[in-house]
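Going by this note's numbering, the letters in the sequence shown line up with residues 1041 to 1144, in that order.
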Amino acid sequence: MKDINIKNVDKITQIYLGEFLREIRQKAGWTREEFASRCEEKEFSISADTIKSYENGKRIPPLSKLICLFYILACSDSTSKNGENKNILKFKDVCQEILNSIEK
1041 MKDINIKNVD KITQIYLGEF LREIRQKAGW TREEFASRCE EKEFSISADT IKSYENGKRI
1101 PPLSKLICLF YILACSDSTS KNGENKNILK FKDVCQEILN SIEK
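Right under this line is the structure:
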């Protein structure tokens, strides 16, 4: 396993996760306000401003919130031909991109 550049982990993670959240929210056809409302329907409280801060790479959501956000977004997308959710597959790719970007 290669060494990683620890100093870059937070910033790179913020950027990649933020871009990914924005991308799949927009593919769902939701504004940030609509996304926040969908979260409320699932009894998960988050503001449109918080979503904006995640999408703009200003903050990293805690893991528990990240799981909830992806669950709600996953529910918005159809599954691929083999039955796997497209957003989950894309998230795996994003995680790999993050790892590739932080390696020295």
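Ideal Cβ positions, reconstructed from N, Cα and C, are used throughout, including at glycine.
Among the residues of its own chain, which have a CB less than 6 Å from the CB of residue i, if the five just before and after it don't count?
| i | result |
| --- | --- |
| R1072 | A1088, I1091 and K1092 |
Have a look at residue i and residue j and give me their C-alpha separation to the nearest angstrom.
| i | j | result |
| --- | --- | --- |
| G1058 | Q1136 | 15 Å |
| L1106 | D1050 | 15 Å |
| R1044 | K1130 | Reading the sequence as shown, one finds Ile at residue 1044 and not Arg. The alpha-carbon atoms of I1044 and K1130 are separated by roughly 23 Å. |
| Y1036 | L1103 | Residue 1036 is absent from the model: the chain starts at 1041 and stops at 1144. |
When you compare the CB positions of residue i and residue j, do they come within less than 8 Å of one another, or not?
| i | j | result |
| --- | --- | --- |
| E1095 | L1139 | no |
| I1142 | I1064 | no |
Quick check on the DSSP output: the alpha helix (DSSP H) that includes residue i runs from which residue to which?
| i | result |
| --- | --- |
| K1105 | L1103 to C1115 |
| I1052 | I1046 to K1067 |
| D1043 | Taken as a continuous stretch (DSSP letters only), D1043 belongs to no alpha helix (DSSP H), as it is neither H nor E. |
| T1090 | A1088 to E1095 |
| R1181 | This structure leaves residue 1181 out entirely; the chain is present only between 1041 and 1144. |
Using 10 angstroms around the beta-carbon of residue i, count the other beta-carbons present and answer buried if the total reaches 16, otherwise exposed.
| i | result |
| --- | --- |
| L1109 | buried |
| Q1066 | exposed |
| I1046 | exposed |
| P1101 | buried |
Using a C-beta cutoff of 8 Å, does residue i count as contacting chain D?
| i | result |
| --- | --- |
| E1143 | In the displayed structure, chain D is absent; only one protein chain is listed. |
By Cβ distance, which residues of its chain are closer than 8 Å to residue i, with the 5 residues on each side in sequence left out?
| i | result |
| --- | --- |
| I1112 | F1075, R1078, C1079, K1082 and F1084 |
| R1099 | Q1054, T1090 and S1093 |
| D1133 | none |
Apart from the five residues on each side of it in sequence, which residues of its chain come closer than 7 Å, Cβ to Cβ, to residue i?
| i | result |
| --- | --- |
| G1097 | Q1054, I1055 and G1058 |
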